[in-house]
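Chains Z and X, in that order, give the protein sequences. Here full-length UniProt numbering is used: the first sequence runs in plain steps of one and ends on residue 250. Here full-length UniProt numbering is used: the second sequence runs in plain steps of one and ends on residue 295. By construction, the Cβ of each residue, glycine as well, lies at the ideal position given by its N, Cα and C atoms. If you're wondering where the values come from, they're calculated on a predicted model, not measured in any experiment.
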Amino acid sequence: MFPVELDNVTVAYHKKPVLQDISLQVPEGKLIGIIGPNGAGKSTLIKTILGLVPRASGDISIYGKDYKDQRTRIGYVPQRGSVDWDFPTSPLDVVLMGRYGRIGLLKRPKKADVEMAKAALTKVGMHDYAKRQISQLSGGQQQRVFLARALCQNADIYFMDEPFAGVDAATERAIMTLLAELKEKGKTVLVVHHDLQTAEDYFDWILLLHLRKIAFGPTENVFTIENLQKTYGGRLTFLKDKVLAEGHKE
Amino acid sequence: MSFEAWIIATGVLVGVSCGLIGTFLVLRSMAMLADAISHTVLLGIVGAFLVTGSLDGIYMFIGAAATGLLTAFLVQLLHSKGVQSDAAIGVVFTSLFAIGVILLSVYGANVHLDIEHSLMGEIAFVPWNTVTVFGVDIGPKAFWMLASVLVLNVVLISVCYKEFKIASFDPQMALALGIPVLLIHYVQMGMLSLTTVASFDSVGAVLVVAMLIVPPAAAHLLTDRLLYMLILSALIGGLSAVMGYFFATWLNVSISGAMAAMTGVCYASAFLFSPANGVITKKLRTLNMQKERAG
């Protein structure tokens with residue numbers, strides 16, 4: 001059974017299709033990069049799987065069942081810019097929100113939940129910031145808080161929307177270590193990513209997306225000039241570098 | 001209790017209940033929706049009067065809750081069809097309010113419910129309209145309506161605190177976790193409608209917006225924890241009511257107007273002197289630092 005399976009999924013926004021006929025069988029225990037140009041539907045794909053965006057047609061299953069029955073098996077890291085960081089709360093409180101799904105409606109967090117949130121903060125190197133105001137954090141620190149929150153969800157599948165966007169080098173390394181650890185534990189991680197330079201090194205598998213699925217498979221098979229040109233329409237200067245580099249290898 | 005005490009107590013209840021529900025509106029950037037609902041509630045009150053022929057508290061509550069939720073629902077509907085949210089709010093509330101005004105001018109001529117009263121309120125008349133329970137006069141109707149709404153607000157906020165918090169901070173995450181974000185939205189809109197209608201008699205449709213928005217905005221400048229923001233917002237709302245009353249009697253001006261003006265004074269003080277973010281506090285801190293460096 002696949003962690004995530006999509007069968008002919010189409011999503012439309014005001015009648016304009018933003019994702020068309022996507023079929024995927026995501027393998028277990030892989031680090032998967034979702035890559036494509038701006039407006040290719042990368043975030044939409046994640047949000048559709050999570051039920052945040054309605055789909056026009058197609059089926060989605062998480063370990064063979066409907067998403068609604070599998071919520072606790074899924075961890076989510078939304079885009080950092082999607083929330084108001086002036087909200088009056090602390091990093092510890094934000095991380096604790098990762099437990100809300102398991103705590104249940106109208107019940108209060110227990111001591112064990114708080115301990116777990118603290119452990120997750122320590123894991124991302126943010127222990128000393130637990131009680132700060134979230135607006136005082138740098139972009140990289142905010143991203144780490146979001147990652148800690150997802151860790152708290154204790155999930156089997158993780159969806160991360162641009163976790164590497166606008167973070168410092170230290171955070172980038174911290175995220176990579178974390179992703180490697182998750183993989184080691186057999187978790188499946190899907191990451192929306194837009195930096196082609198690093199994509200090849202970061203991910204085992206890659207999904208190239210541009211409204212449709214261009215290619216999906218192990219990085220070495222998928223990350224080819226031909227596929228990238230299909231995805232980006234040959235606009236990227238990166239492609240030239242890659243062509244040069246590959247020419248060099250040969 | 002003296003008339004004066006009842007007026008102040010009623011004003012404080014307005015400030016406290018509005019300050020609590022207003023906090024979530026400010027945090028969700030929905031101040032405009034408060035403005036909208038405070039106006040469409042007029043249609044609810046007029047509608048309730050036309051249907052039941054009475055201005056009794058309970059019918060007003062039902063009418064107001066219904067139109068408040070209708071407003072929230074229509075705004076949501078237009079927005080989901082691609083209309084910008086500010087335009088959606090503008091279209092819905094002006095239309096519903098206009099219907100209310102027309103109905104009021106046609107059928108309401110011989111009722112004590114005039115337009116000026118609905119817009120500005122008249123808290124000075126509150127002590128005359130009292131409730132009698134088992135033959136005992138227990139005080140103004142407005143006071144008891146507000147007290148019930150305040151209890152309801154406090155209970156709902158404490159029971160749903162965690163859900164209200166995540167739905168305000170990160171609605172997408174909340175949805176992904178299976179928290180009923182839309183239901184929470186309508187619960188809050190219901191609370192807002194009830195709070196507005198209960199405050200209606202005292203401060204009216206326009207000034208209630210000041211009570212809903214300004215104290216939470218001031219509290220936001222003073223703290224970085226949600227719980228303290230709720231408490232501070234309620235305190236500032238209550239304090240503005242007390243200050244407003246004495247200011248109004250001193251200068252012999254409109255009490256509800258003075259109360260609303262005092263929320264503005266509180267906001268200005270927070271803006272200038274807030275320990276963390278105040279404009280003047282920051283200036284002084286820089287000056288001190290410069291002095292220390294020079295010394």
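Check                                                                                                      : Outcome
Member of Gly139/X, Gly264/X and Leu194/X whose CA lies at the smallest distance from the CA of Leu150/X   : Leu194/X
Supposed close pair Ile22/Z, Leu208/Z - CB separation, criterion 8 Å                                       : Rounded, the Cβ-Cβ distance is 12 Å, inconsistent with contact.
Residues of the stretch 205 to 222 of chain X with Cβ closer than 9 Å to any Cβ of chain Z, in chain order : Ala219 and His220
Cβ of Leu27/X within 8 Å of any chain Z Cβ                                                                 : yes
DSSP three-state assignment for Glu250/Z, whether helix, strand or coil                                    : Annotation note: pLDDT 47 at Glu250/Z (below 50); position unreliable, coordinate value reported separately. Looking at Glu250/Z - three-state DSSP - the assignment turns out to be coil, as it is neither helix nor strand.
Pair within 8 Å by beta-carbon distance, Ser202/X and Val155/X                                             : no
Buried versus exposed, by CB contacts within 10 Å (16 or more), Val51/X                                    : exposed
Minimum C-alpha distance to residue 253/Z - residue among Phe223/Z, Lys183/Z and Gly140/Z                  : In this structure chain Z extends from 1 to 250, so residue 253/Z is not present and cannot be described.
C-alpha gap between Ile62/Z and His194/Z, whole angstroms                                                  : 25 Å
Buried/exposed call for Leu54/Z, threshold 16 Cβ in 10 Å                                                   : As written in the sequence, residue 54/Z is Pro, which differs from the Leu given in the question. Counting Cβ neighbours within 10 Å, Pro54/Z comes out exposed, since fewer than 16 surround it.
With 16 other Cβ atoms within 10 Å as the buried cut-off, status of Ala261/X                               : buried
Proximity test, Cβ basis, 8 Å: Pro163/Z and chain X                                                        : no
Option in Ala40/Z, Val11/Z, Thr231/Z and Val77/Z with minimal Cα separation from Val189/Z                  : Val77/Z
Chain Z within 8 Å of Thr21/X, Cβ atoms only                                                               : The sequence shown places Ile at residue 21/X, rather than the Thr named in the question. Output row for Ile21/X: interface = no.
Proximity below 8 Å, CB of Ala213/X to CB of Ala31/X                                                       : Reading off the sequence shown, one finds Ile at residue 213/X, where the question assumed Ala. In this structure, Ala31/X lies closer than 8 Å to Ile213/X by Cβ.
Counted within 10 angstroms of its Cβ, other Cβ atoms place Val136/X as buried (16 or more) or exposed     : exposed
For Cys18/X and Val208/X, the rounded distance between their alpha carbons                                 : 8 Å
For Met211/X and Thr10/X, the rounded distance between their alpha carbons                                 : 13 Å
Burial state of Pro163/Z (16 or more Cβ within 10 Å)                                                       : buried
Beta carbon proximity, Leu103/X to chain Z, threshold 8 Å                                                  : no
Residue from Pro27/Z, Pro17/Z and Tyr67/Z whose Cα sits closest to the Cα of Asp204/Z                      : Pro27/Z
CA-to-CA distance, Gly101/Z to residue 336/X, given in whole angstroms                                     : Residue 336/X cannot be examined here, being either before or after the span of chain X that is shown, 1 to 295.
Proximity test, Cβ basis, 8 Å: Pro88/Z and chain X                                                         : yes
Contacts of Phe169/X in chain Z (Cβ-Cβ under 8 Å)                                                          : Val83, Asp84, Phe87, Thr89, Val94 and Met97
Reduced DSSP category for Trp144/X - H, G, I as helix; E, B as strand; rest coil                           : helix
Helix, strand or coil at Thr263/X according to DSSP, with G and I counted as helix                         : helix
DSSP-derived helix/strand/coil call for Gln20/Z                                                            : strand
Residue environment, Val133/X, which counts as buried when at least 16 other CB atoms sit within 10 Å      : exposed
Residue nearest to Val11/Z in terms of C-alpha spacing, selected from Glu5/Z, Asp59/Z, Pro91/Z and Gly33/Z : Asp59/Z
Distance between beta carbons of Ile214/Z and Thr231/Z, contact taken as under 8 Å                         : 5 Å
Contacts that Pro78/Z makes with chain X (C-beta to C-beta distance below 9 Å)                             : Asp170, Gln172, Met173 and Ala176
Cβ of Ile280/X within 8 Å of any chain B Cβ                                                                : Among the chains of the structure shown, chain B does not appear; the protein chains present are Z and X.
DSSP three-state assignment for Asp86/X, whether helix, strand or coil                                     : helix
Endpoints, beta strand (DSSP E) assigned at Thr188/Z                                                       : Thr188 to His193
Residue-level contact to chain X via CB, His14/Z, 8 Å cutoff                                               : yes
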